[in-house]
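*Asks:*
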Amino acid sequence: MPRPQLTVCRHDRGKQVLITLAGEIDLESAPLVRTALARCLSDGIRTIDIDLTPVTFCDCTGLNVFLHAAQQTTEAGGTLRLHHPPPALELILDITGSGFLLLDVPLGRLSPPLGDVPAPTAQTPRRGAGAAMKARGSESSTVEAAGHVG
Numbered sequence: 013m014p015r016p017q018l019t020v021c022r023h024d025r026g027k028q029v030l031i032t033l034a035g036e037i038d039l040e041s042a043p044l045v046r047t048a049l050a051r052c053l054s055d056g057i058r059t060i061d062i063d064l065t066p067v068t069f070c071d072c073t074g075l076n077v078f079l080h081a082a083q084q085t086t087e088a089g090g091t092l093r094l095h096h097p098p099p100a101l102e103l104i105l106d107i108t109g110s111g112f113l114l115l116d117v118p119l120g121r122l123s124p125p126l127g128d129v130p131a132p133t134a135q136t137p138r139r140g141a142g143a144a145m146k147a148r149g150s151e152s153s154t155v156e157a158a159g160h161v162g
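For the sequence shown, the residue numbers in the numbering used here are 13 to 162.
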């Protein structure tokens with residue numbers, strides 16, 4: 013069985029964590045994401061930020077993992093947010109209407125730059141976004157996706 017093409021990096025900041033995922037999130041690699049997020053909750057983390065900047069692909073399997081983890085995090089009194097989703101995931105979030113559950117900024121609702129900017133029209137393409145992620149002063153450990161998270 014081939015190894016999943018996904019790298020999971022965890023940067024702890026007290027009760028907060030930044031998870032950076034790199035590669036493809038699909039049926040094969042989703043269990044690694046699920047395990048990493050569950051471990052955060054079991055470690056007492058209550059604020060989980062997920063940077064998807066280096067993710068090249070994420071299908072509905074990944075969305076399901078994120079929605080389930082967000083629900084578990086909320087039930088534990090915390091928050092889980094996605095940042096910089098790839099275009100395929102932006103589309104899935106838009107179609108399913110689930111972006112508000114996972115993003116700080118809803119798709120298509122970005123703050124305009126300073127100055128007068130005309131309101132978007134129906135023909136304006138929608139783009140997703142998340143808050144910029146910074147892992148200043150954080151300890152980090154890298155977990156390579158080799159069939160386990162440890």
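C-beta: ideal position from N, C-alpha, C; glycine also.
1. Please state whether DSSP places D106 in a helix, a strand or coil.
2. According to the neighbour-count rule (16 or more other Cβ atoms, all chains shown, within 10 Å of its Cβ), is D116 buried or exposed?
3. Is the beta carbon of V163 sitting closer than 7 Å to the one on I57?
4. Could you give the DSSP three-state label for Q17: helix, strand or coil?
5. Return the CA-CA distance between I68 and L92, expressed in angstroms with no decimal places.
6. On a Cα-Cα basis, can you pick out the residue from G111, L18 and L49 that is closest to T85?
7. Does the Cβ-Cβ distance between I37 and C72 come in under 7 Å?
8. Is L101 closer than 7 Å to C52 when the C-beta atoms are compared?
9. Please report the Cβ distance between H95 and D61, rounded to the nearest whole angstrom; I am assuming they are in contact, meaning their Cβ atoms lie under 8 Å.
10. Terminal residues of the continuous alpha helix (DSSP H) containing E87?
*Replies:* Considering the structure as presented:
1. Translated into the one-based positions of the sequence shown, residue 106 becomes position 94. Note: D106 maps to helix in three-state DSSP.
2. On the sequence shown, position 104 is the one that residue 116 refers to. Classification of D116: exposed, given that the 10 Å Cβ count is below 16.
3. Because the chain here runs from 13 to 162, residue 163 falls outside it and cannot be looked at.
4. Here residue 17 is taken as the residue at index 5 of the sequence shown, counted from 1. Q17 falls in the coil class under three-state DSSP.
5. In the sequence shown, counting from the first residue as 1, residue 68 sits at position 56. In the sequence shown, counting from the first residue as 1, residue 92 sits at position 80. Note that residue 68 is Thr in the sequence shown here, rather than Ile. So the alpha carbons of these two residues sit roughly 21 Å apart.
6. Within the sequence shown, the letter at position 73 stands for residue 85. Of the listed residues, the one whose Cα sits closest to T85 is L49.
7. Locating residue 37 in the sequence shown gives position 25, where the first residue counts as 1. Locating residue 72 in the sequence shown gives position 60, where the first residue counts as 1. Taking C-beta atoms as the reference points, I37 and C72 fail to come closer than 7 Å.
8. Here residue 52 refers to the residue found at position 40 when the sequence shown is read from its first residue. Here residue 101 refers to the residue found at position 89 when the sequence shown is read from its first residue. Their beta carbons are not under 7 Å apart, which means C52 does not touch L101 by this criterion.
9. As a working note, residue 95 is residue 83 in the sequence shown. As a working note, residue 61 is residue 49 in the sequence shown. Right, their Cβ atoms sit about 6 Å apart.
10. Indexing the sequence shown from 1 puts residue 87 at position 75. Segment C72 to E87, the alpha helix (DSSP H) holding E87.
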